[in-house]
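Asker: Below: one structure in structure tokens.
Protein chains: 2
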Amino acid sequence: MRTTICEMFGVDFPIFAFSHCRDVVAAVTNAGGFGVLGAVAYSPEQLDTELTWIDERVGGRPYGVDVLVPGRIDSSVTDLGTRLADAIPQRHRDFVTHLFGKYGLDAREPLPVSLSAYADEVGRRVTAEGAGGLIDVALRHPIRLIASALGPPPPEMADKARAAGVPVAALVGTVEHARRQVAAGVDVVVAQGTEAGGHTGEISTMVLVPQVVDAVDVPVLAAGGIADGRQMAAALALGAEGVWCGSVWLTTEEAETPPSVRDKMLSAASSDTVRSRCRTGKPARQLRSAWTQEWDEAPESPGALPMPLQLLLAEGAMAGINRAAERGDPGARELAGYFVGQVVGQLNQVKPARRVVHDMIEEFASAVARMRAVTHDDAPAVPGGISFPPEDVEGRETTEV
Amino acid sequence: MRTTICEMFGVDFPIFAFSHCRDVVAAVTNAGGFGVLGAVAYSPEQLDTELTWIDERVGGRPYGVDVLVPGRIDSSVTDLGTRLADAIPQRHRDFVTHLFGKYGLDAREPLPVSLSAYADEVGRRVTAEGAGGLIDVALRHPIRLIASALGPPPPEMADKARAAGVPVAALVGTVEHARRQVAAGVDVVVAQGTEAGGHTGEISTMVLVPQVVDAVDVPVLAAGGIADGRQMAAALALGAEGVWCGSVWLTTEEAETPPSVRDKMLSAASSDTVRSRCRTGKPARQLRSAWTQEWDEAPESPGALPMPLQLLLAEGAMAGINRAAERGDPGARELAGYFVGQVVGQLNQVKPARRVVHDMIEEFASAVARMRAVTHDDAPAVPGGISFPPEDVEGRETTEV
Numbered sequence: 001m002r003t004t005i006c007e008m009f010g011v012d013f014p015i016f017a018f019s020h021c022r023d024v025v026a027a028v029t030n031a032g033g034f035g036v037l038g039a040v041a042y043s044p045e046q047l048d049t050e051l052t053w054i055d056e057r058v059g060g061r062p063y064g065v066d067v068l069v070p071g072r073i074d075s076s077v078t079d080l081g082t083r084l085a086d087a088i089p090q091r092h093r094d095f096v097t098h099l100f101g102k103y104g105l106d107a108r109e110p111l112p113v114s115l116s117a118y119a120d121e122v123g124r125r126v127t128a129e130g131a132g133g134l135i136d137v138a139l140r141h142p143i144r145l146i147a148s149a150l151g152p153p154p155p156e157m158a159d160k161a162r163a164a165g166v167p168v169a170a171l172v173g174t175v176e177h178a179r180r181q182v183a184a185g186v187d188v189v190v191a192q193g194t195e196a197g198g199h200t201g202e203i204s205t206m207v208l209v210p211q212v213v214d215a216v217d218v219p220v221l222a223a224g225g226i227a228d229g230r231q232m233a234a235a236l237a238l239g240a241e242g243v244w245c246g247s248v249w250l251t252t253e254e255a256e257t258p259p260s261v262r263d264k265m266l267s268a269a270s271s272d273t274v275r276s277r278c279r280t281g282k283p284a285r286q287l288r289s290a291w292t293q294e295w296d297e298a299p300e301s302p303g304a305l306p307m308p309l310q311l312l313l314a315e316g317a318m319a320g321i322n323r324a325a326e327r328g329d330p331g332a333r334e335l336a337g338y339f340v341g342q343v344v345g346q347l348n349q350v351k352p353a354r355r356v357v358h359d360m361i362e363e364f365a366s367a368v369a370r371m372r373a374v375t376h377d378d379a380p381a382v383p384g385g386i387s388f389p390p391e392d393v394e395g396r397e398t399t400e401v
Numbered sequence: 001m002r003t004t005i006c007e008m009f010g011v012d013f014p015i016f017a018f019s020h021c022r023d024v025v026a027a028v029t030n031a032g033g034f035g036v037l038g039a040v041a042y043s044p045e046q047l048d049t050e051l052t053w054i055d056e057r058v059g060g061r062p063y064g065v066d067v068l069v070p071g072r073i074d075s076s077v078t079d080l081g082t083r084l085a086d087a088i089p090q091r092h093r094d095f096v097t098h099l100f101g102k103y104g105l106d107a108r109e110p111l112p113v114s115l116s117a118y119a120d121e122v123g124r125r126v127t128a129e130g131a132g133g134l135i136d137v138a139l140r141h142p143i144r145l146i147a148s149a150l151g152p153p154p155p156e157m158a159d160k161a162r163a164a165g166v167p168v169a170a171l172v173g174t175v176e177h178a179r180r181q182v183a184a185g186v187d188v189v190v191a192q193g194t195e196a197g198g199h200t201g202e203i204s205t206m207v208l209v210p211q212v213v214d215a216v217d218v219p220v221l222a223a224g225g226i227a228d229g230r231q232m233a234a235a236l237a238l239g240a241e242g243v244w245c246g247s248v249w250l251t252t253e254e255a256e257t258p259p260s261v262r263d264k265m266l267s268a269a270s271s272d273t274v275r276s277r278c279r280t281g282k283p284a285r286q287l288r289s290a291w292t293q294e295w296d297e298a299p300e301s302p303g304a305l306p307m308p309l310q311l312l313l314a315e316g317a318m319a320g321i322n323r324a325a326e327r328g329d330p331g332a333r334e335l336a337g338y339f340v341g342q343v344v345g346q347l348n349q350v351k352p353a354r355r356v357v358h359d360m361i362e363e364f365a366s367a368v369a370r371m372r373a374v375t376h377d378d379a380p381a382v383p384g385g386i387s388f389p390p391e392d393v394e395g396r397e398t399t400e401v
């Protein structure tokens, strides 16, 4: 295929695969797409190990890294100076303890009341300082893209990437954000609709993408609602140069999605997601679960904390919940969940990531062929194959395309 | 163009235009599309007048009628037996009076405290009985489609339409509803995404349409997020046989949108809509306004009543608000609003409806041409023009499409 994006990144297919799993990243890159490793879960040392693993497998084919850099951190958090975990109010810790009790989590599972150095470090990674360390590591590998999932990337990030000749991409949910990102020097805009998994705005992909395409002069990838080739064709029809997919990889063979969560995804309908602050502190689409319902609807819920405090609290709790769920604990299975988009309703089968790419391209080709047929593309004569009926009522001109 | 829908309805372009304005309906039908008149605002006698007007202008070209038939009416409403307006609690009337005072509505505007025979009649029209009268009138005209905007059409409606040889369409927001509608005998499903104006579900068009196409064996129209030819091309890429558009006609020359509301629409961004119960009692996307903010966010708000009581109350109030807004009353302009989808961000110019149709088709043809170029469609050799890179890592087969 040829789009600006294919030429810019040297890929066969303009399919960008966001995943926290190195196996998915390598598989998609090797299938002709472009894998993007979500780096937030790693320390700089771990990230170095993951990228080395990928380098050894992709034979120089292109891949990238995504860091989660919030544009603003709540000042009450950064002003503390010491351990982020200390900023989590007792009332919120107590609510998690209450949930663990209410859902009968196995007593072997330590309650997440002391949030530990682990949580503290995860929290630091989503600060500008923490993300900076990850970016330095990433740029020592032959990456071909750095993406920023939240807000404009810090100027240092753009500067470092530019010095290394690595393009920068940013996810946006509004036209205004897209303009701001391009003004901040971003090379590729990912226009992400509300139907996407993870942090999203409120505007749908169908509405957002053409407006972003019209507003900026850099290539646009479409994200949100894209898990098959018909949706990829729709994204390109809207004016995008390629697609950015996340949810579809979560049920691939290569993904490290906890089995209990993967099973929920395989059986979920598109109406089984919710956009909630209860996992990170910012609105993020995820599976509806006892966790989301309790935080969002229970009268005793203290409400979500700001980013990154809610992320710390939720990830600390989810680590325990997932362990308990894998042991078969029914209450833990009710609480377990993960970020996923509305396309979860289409994910009914575990497939290799390479097969997902190939199926998507085959369906894409079929969709394009179908659209050619709709426009009488086999008929000769009229350019474009479409003629308008004569104007016989209001006396306006006849137009031919 | 040729799709199943084009053949089924004898139209040049599979563009269905939902509008409450007969001028829009006639203009779109005469431009090669298919106009659908929203009948809820009319009495049976008025509807007869409107359809006669259309018949005299479209020269036998196809058009249809849309009725608003809720699948269920709150029993506390229908059990009253007498006047629907009497079922509106004093607390809700008082809140409207409070809003009229707070926003300084001109004293010449009578407060909507006694909701009158007008409201009572509007209410009756959205009951099964009321809609039945409209359907009888519609079937005496050469209509080619009856659409039901809410829930499965009552069996009497489907039976009458079938006896008259008129296909029935229904709007759906989930796959489950699509299956239920087809089981109830519907001939065309309109899969409507959450980004649409008016009554909508939560699933986006991008996600909903392919799932509905796979689930039912009748033609599917896509609705929600469609106001230009790129979006129409996307809809067809998703597997729809055509598009159903509502919002885009609201800013056409022919529309009867109140000028103050039209001006708001022309300057609104896609983020300026909200899905709220405050206008009809069911979640409906509309312009964000002082009306939506007060009902949804003010501490003193009594909350929306069930359909159709909230519709009565809101339409009664809006009639006064619109009159005051047209006199230039600034508070009334803050309160004024109307149903519209997220595409409102694209509506920046008043155009004739015929021009909207032609622009859409021209953009559609360009989008299809662009997609052909992406797939190397001019290159010979490989069928479909796409080949996959060799599998050199995991040892799986090479696939060619």
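If you read the sequences in order, they're chains A and B. With full-length UniProt numbering, the residue at position 186 of the first sequence is 186, and numbering never jumps. With full-length UniProt numbering, the residue at position 362 of the second sequence is 362, and numbering never jumps. A virtual CB, placed ideally from N, CA and C, is assigned to each residue, including glycine.
Under 8 Å, Cβ to Cβ, is there at least one residue of chain A near Pro-299 (chain B)?
Answerer: Not one chain A Cβ lies under 8 Å of Pro-299 (chain B).
Asker: Step through the CB atoms of chain B and report whether any lies within less than 8 Å of the CB of Arg-2 (chain A).
Answerer: Closer than 8 Å to some Cβ of chain B, the Cβ of Arg-2 (chain A) qualifies, so yes.
Asker: Starting from the C-beta of Trp-244 (chain A), find all residues in its chain whose C-beta is less than 6 Å away, skip the five residues before and the five after it, and write them out in chain order.
Answerer: For Trp-244 (chain A), where only same-chain residues beyond five positions count, the Cβ hits under 6 Å are Phe-16, Val-190, Leu-221, Ala-223.
Asker: Have a look at Val-207 (chain B) and Trp-291 (chain A) and give me their C-alpha separation to the nearest angstrom.
Answerer: Looking at the two C-alpha atoms, the distance is approximately 25 Å.
Asker: Should Gln-211 (chain B) be labelled buried (16 or more other beta-carbon atoms within 10 Å of its own) or exposed?
Answerer: Buried, since its Cβ has 16 or more Cβ neighbours within 10 Å.
Asker: I'd like to know if Pro-210 (chain A) contacts chain B, where contact means its C-beta is closer than 8 Å to some C-beta of that chain.
Answerer: For Pro-210 (chain A), the answer is yes, since a Cβ of chain B falls inside 8 Å of its Cβ.
Asker: Here's the rule: buried if 16 or more other CB atoms are within 10 angstroms of the residue's CB, otherwise exposed. What is Ala-379 (chain A)?
Answerer: Low confidence applies here, because Ala-379 (chain A) scores a pLDDT of 43, under 50, leaving its location unreliable; read the following figure in that light. It counts as exposed.
Asker: Kindly say whether Met-265 (chain A), judged by its beta-carbon, lies nearer than 8 Å to any beta-carbon of chain B.
Answerer: No, its Cβ sits nowhere closer than 8 Å to a Cβ of chain B.
Asker: Counting C-beta neighbours from all protein chains within 10 Å, is the total for Pro-259 (chain A) 16 or more, i.e. buried, or is it exposed?
Answerer: With fewer than 16 Cβ atoms within 10 Å of its Cβ, Pro-259 (chain A) is classed as exposed.
Asker: With the cut-off set at 8 Å, would you say Val-175 (chain B) and Ala-215 (chain B) are in Cβ contact?
Answerer: Result yes, Cβ atoms of Val-175 (chain B) and Ala-215 (chain B) sit closer than 8 Å.
Asker: Would Ile-5 (chain A) and Gly-242 (chain A) qualify as a contact pair, given that the criterion is a beta-carbon distance under 8 Å?
Answerer: It is a contact, given that the beta carbons lie within the stated cut-off.
Asker: Starting from the beta carbon of Glu-195 (chain A), find every residue of chain B whose beta carbon is closer than 7 Å, and list them in chain order.
Answerer: Residues of chain B passing the Cβ test: Ser-204, Met-206, Val-207.
Asker: Buried or exposed for Thr-29 (chain B), please, with buried defined as at least 16 other CB atoms from any protein chain shown within 10 angstroms of its CB.
Answerer: Result: buried.
Asker: Can you find a CB in chain B that lies within less than 8 Å of the CB of Val-393 (chain A)?
Answerer: Its pLDDT being 44, under 50, Val-393 (chain A) is placed unreliably in this model, and the value from its coordinates should be taken loosely. Yes, Val-393 (chain A) lies at the interface with chain B (some Cβ there is under 8 Å from its Cβ).
Asker: Cβ of Leu-250 (chain A) within 8 Å of Cβ of Ala-138 (chain A)?
Answerer: No; because the gap between Cβ atoms is not below 8 Å, this pair is not in contact.
Asker: Report yes or no: is there a C-beta of chain B within less than 8 Å of the C-beta of Ser-271 (chain A)?
Answerer: Closer than 8 Å to some Cβ of chain B, the Cβ of Ser-271 (chain A) qualifies, so yes.
Asker: Just to make sure I have the definition right: I need the residues of chain A whose C-beta is within less than 7 Å of the C-beta of Val-368 (chain B). Which are they?
Answerer: In chain order: Met-371, Arg-372, Thr-375.
Asker: Jot down the residue ranges of each uninterrupted beta strand (DSSP E) in the stretch 298-365 of chain B, minimum 3 residues, whole runs only, in chain order.
Answerer: Qualifying beta strand (DSSP E) stretches: none in this window.
Asker: Near Val-182 (chain B), what residues of its chain come up, given a Cβ to Cβ distance below 8 Å and the 5 sequence neighbours on each side ignored?
Answerer: For Val-182 (chain B), where only same-chain residues beyond five positions count, the Cβ hits under 8 Å are Val-189, Val-216, Asp-217, Val-218.
Asker: Curious, which full-length alpha helix (DSSP H) runs of at least 4 residues does the stretch 162-211 of chain A contain?
Answerer: Counting only runs of 4 or more, we get 175-183.
Asker: For Trp-295 (chain B) and Arg-144 (chain A), what's the separation of their Cα atoms in angstroms?
Answerer: Straight-line Cα distance between these residues: approximately 50 Å.
Asker: Output yes if chain B places a C-beta closer than 8 Å to the C-beta of Gly-10 (chain A); else output no.
Answerer: No, no contact with chain B.
Asker: So is Val-77 (chain A) buried or exposed if we call it buried at 16+ other beta carbons inside 10 Å?
Answerer: Unreliable placement is indicated for Val-77 (chain A), whose pLDDT of 48 sits below 50; no coordinate value is reported for it.
Asker: Should Ala-31 (chain A) be labelled buried (16 or more other beta-carbon atoms within 10 Å of its own) or exposed?
Answerer: Ala-31 (chain A) should be labelled buried.
Asker: According to the Cβ coordinates, are Arg-277 (chain B) and Gln-310 (chain B) closer than 8 Å?
Answerer: A contact, by the Cβ cut-off of 8 Å.
Asker: Using a Cβ-Cβ distance cut-off of 8 Å, determine whether Ala-381 (chain A) contacts chain B.
Answerer: In this prediction, Ala-381 (chain A) scores a pLDDT of 37, lower than 50, which makes its location untrustworthy; the coordinate-derived value is nonetheless stated afterwards. By this cut-off, Ala-381 (chain A) is not an interface position.
Asker: Short check: CB of Glu-156 (chain B) to CB of Gly-132 (chain B), under 8 Å?
Answerer: The answer is yes: Cβ separation under 8 Å.
Asker: For Asp-66 (chain B), which of helix, strand or coil comes out of DSSP?
Answerer: Note: Asp-66 (chain B) maps to strand in three-state DSSP.
Asker: Contact between the stretch 225-240 of chain B and the stretch 349-363 of chain B is defined here as three or more beta-carbon pairs at a separation below 8 Å; is this criterion met?
Answerer: Result yes; three or more Cβ-Cβ pairs closer than 8 Å.
Asker: Grab me the residues of Arg-57 (chain B)'s own chain with a C-beta within less than 6 Å of its C-beta, minus the 5 sequence neighbours each way, in chain order.
Answerer: Excluding sequence neighbours, Arg-57 (chain B) sits near Ala-26.
Asker: Starting from the beta carbon of Asp-159 (chain A), find every residue of chain B whose beta carbon is closer than 8 Å, and list them in chain order.
Answerer: Those do not exist, as Asp-159 (chain A) stays about 31 Å from chain B at its closest Cβ, beyond 8 Å.
Asker: Buried or exposed: Glu-315 (chain B), going by 16 or more other Cβ atoms within 10 Å of its Cβ?
Answerer: Glu-315 (chain B) comes out buried.
Asker: Taking Cβ-Cβ distances shorter than 7 Å, what residues in chain B pair up with Asp-228 (chain A)?
Answerer: Here the neighbours are Pro-210.
Asker: Closest Cβ-Cβ distance between Leu-250 (chain B) and chain A: below 8 Å?
Answerer: Leu-250 (chain B) does not count as touching chain A.
Asker: Given a limit of 8 Å on CB to CB distance, which residues of the stretch 214-240 of chain A reach chain B?
Answerer: Those residues of the stretch 214-240 of chain A that come within reach of chain B (Cβ to Cβ, closer than 8 Å) are Gly-224, Gly-225, Ile-226, Asp-228, Arg-230, Gln-231, Ala-233, Ala-234, Ala-235, Leu-236, Ala-237, Leu-238, Gly-239.
Asker: Under a CB-based cut-off of 8 Å, is Ala-365 (chain A) close to chain B?
Answerer: Yes, contact with chain B.
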